[in-house]
């Protein structure tokens with residue numbers, strides 16, 4: 001920055017935790033770093049305003065040149081409440097409550113709604129005197145401020161300057177505290193808004209996930225119902241096939257029983273037939289034995305003939321047996 005040629009950095013006492021350093025010029029004018037960083041010129045703002053003939057000031061908003069006020073903290077130039085009211089609008093937006101009237105060089109306090117009177121203590125006699133407003137229309141050849149009382153000594157001037165610096169520092173401290181509260185409130189509002197946005201985004205994300213899970217649950221329920229119906233049909237078919245298998249087994253058992261009964265009946269018939277055949281053979285043998293007994297009492301001729309016939313009978317019996 002161009003301030004390096006004539007500025008020295010003076011670190012003041014901390015007014016609050018968020019306050020930075022204070023820049024003090026060689027002309028004993030102090031400025032807050034955040035405010036002076038916006039000043040692009042290489043000269044001191046206060047000295048330039050007091051020592052040089054300023055250009056025609058206009059309202060930054062409406063460009064009017066009547067009833068102008070300048071903010072003591074940031075240098076904003078706006079018109080008064082009887083014009084466009086941009087100066088008071090600046091106070092409402094930034095809470096910079098002290099504004100300097102360019103025509104009368106008086107400071108207005110928007111909070112107290114009155115002019116601020118500056119009383120300083122003289123180092124010569126210790127009396128409280130009111131600081132005279134500088135005459136902006138009267139300048140000497142070297143560009144310095146024209147003193148209203150030529151008899152004021154250099155000591156009184158130094159005391160006034162020191163008092164102005166002290167008062168400005170106190171004013172700056174008060175304004176910084178107010179600004180701290182103001183921007184702290186804004187920060188809280190931003191944090192609350194951020195929390196609301198985050199909460200809204202989280203609720204939206206949860207709702208979307210819940211919707212997805214609900215759709216998945218509906219699909220699972222539908223699939224489960226389909227599987228339950230399929231299982232029920234399979235169970236019914238299983239019972240039907242079990243009944244059919246039992247019926248087939250009973251049918252096979254009945255058929256096997258009928259077959260066994262038939263076999264048993266045939267075996268009984270065969271046994272009866274064998275018994276009948278054996279009984280017939282026994283009867284034939286008895287008949288043959290009886291005939292042989294009868295033939296034993298016949299004459300020898302008859303015996304011979306009967307012998308032949310008996311042989312023929314034996315052959316017949318043998319043929320029967322065969």
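In the UniProt record's numbering, the protein residues as written are 1 to 322.
Even glycine gets a Cβ: it sits at the ideal position worked out from N, Cα and C.
For this session: Express the C-alpha separation of residue 110 and residue 328 in angstroms, rounding to a whole number.
Result: Here the chain has residues from 1 to 322 only, and residue 328 is not among them.
For this session: Would you kindly work out how many angstroms separate the C-alpha atoms of residue 171 and residue 45, rounded to a whole number?
Result: 17 Å
For this session: Write down the C-beta distance between residue 63 and residue 178 rounded to the nearest angstrom, noting that I regard them as a contact closer than 8 Å.
Result: Contact doesn't hold; Cβ gap of about 29 Å is too wide.
Exercise. Apart from the five residues on each side of it in sequence, which residues of its chain come closer than 8 Å, Cβ to Cβ, to residue 30?
Worked result: 10, 12, 22, 23, 24, 165, 168, 169 and 172
Exercise. At what residues does the alpha helix (DSSP H) containing residue 33 begin and finish?
Worked result: 33-36
For this session: Take residue 91 as the anchor and find which of 73, 290, 213 and 102 has the nearest alpha-carbon.
Result: 73
Exercise. Among the residues of its own chain, which have a CB less than 8 Å from the CB of residue 84, if the five just before and after it don't count?
Worked result: 59, 61, 62, 64 and 78
For this session: Classify residue 265 as buried or exposed, calling it buried when 16 or more other Cβ atoms lie within 10 Å of its own Cβ.
Result: exposed
Exercise. Which one or two residues does DSSP pair with residue 116 in a beta bridge?
Worked result: 107
Exercise. Does DSSP put residue 168 in a helix, a strand or coil?
Worked result: helix
For this session: With a floor of 4 residues, list each alpha helix (DSSP H) that falls wholly inside the stretch 174-219, ordered by position along the chain.
Result: none
Exercise. In three-state DSSP terms, what is residue 73?
Worked result: coil
Problem set entry | Other residues of its chain near residue 116: CB distance less than 6 Å, five sequence neighbours each side excluded | 107 and 109
Problem set entry | Through-space distance from residue 261 to residue 252, alpha-carbon basis | 14 Å
For this session: Note the first and the last residue of the continuous alpha helix (DSSP H) segment covering residue 60.
Result: Here residue 60 belongs to no alpha helix (DSSP H), and DSSP marks it neither H nor E.
Exercise. Would you say residue 71 and residue 99 are within 8 Å of each other, going by their C-beta atoms?
Worked result: yes
Problem set entry | Range covered by the beta strand (DSSP E) that runs through residue 66 | Counting along the chain, residue 66 falls outside any beta strand (DSSP E), and DSSP gives it neither H nor E.
For this session: Pull up the distance between the alpha-carbon of residue 182 and that of residue 219, whole angstroms please.
Result: 55 Å
Problem set entry | Endpoints, the alpha helix (DSSP H) within which residue 86 is located | 86-94
For this session: Grab the span of the beta strand (DSSP E) containing residue 98 for me, first residue to last.
Result: 98-101
Exercise. What is the DSSP secondary structure of residue 27, counted as helix, strand or coil?
Worked result: coil
Exercise. If you count every other CB in all the chains shown that lies within 10 Å of the CB of residue 80, and 16 or more means buried, which is it?
Worked result: buried
For this session: Could you tell me which residues DSSP pairs with residue 258 in its beta bridges?
Result: Answer by DSSP bridge pairing: none, since residue 258 is not bridged.
For this session: Pull up the distance between the alpha-carbon of residue 281 and that of residue 267, whole angstroms please.
Result: 21 Å
Problem set entry | Straight-line gap, residue 189 to residue 67 (C-alpha atoms, nearest Å) | 35 Å
Problem set entry | Whole-number beta carbon distance between residue 161 and residue 28, since they are thought to touch under 8 Å | 6 Å
Problem set entry | Separation of residue 213 from residue 206, as counted between CA atoms | 10 Å
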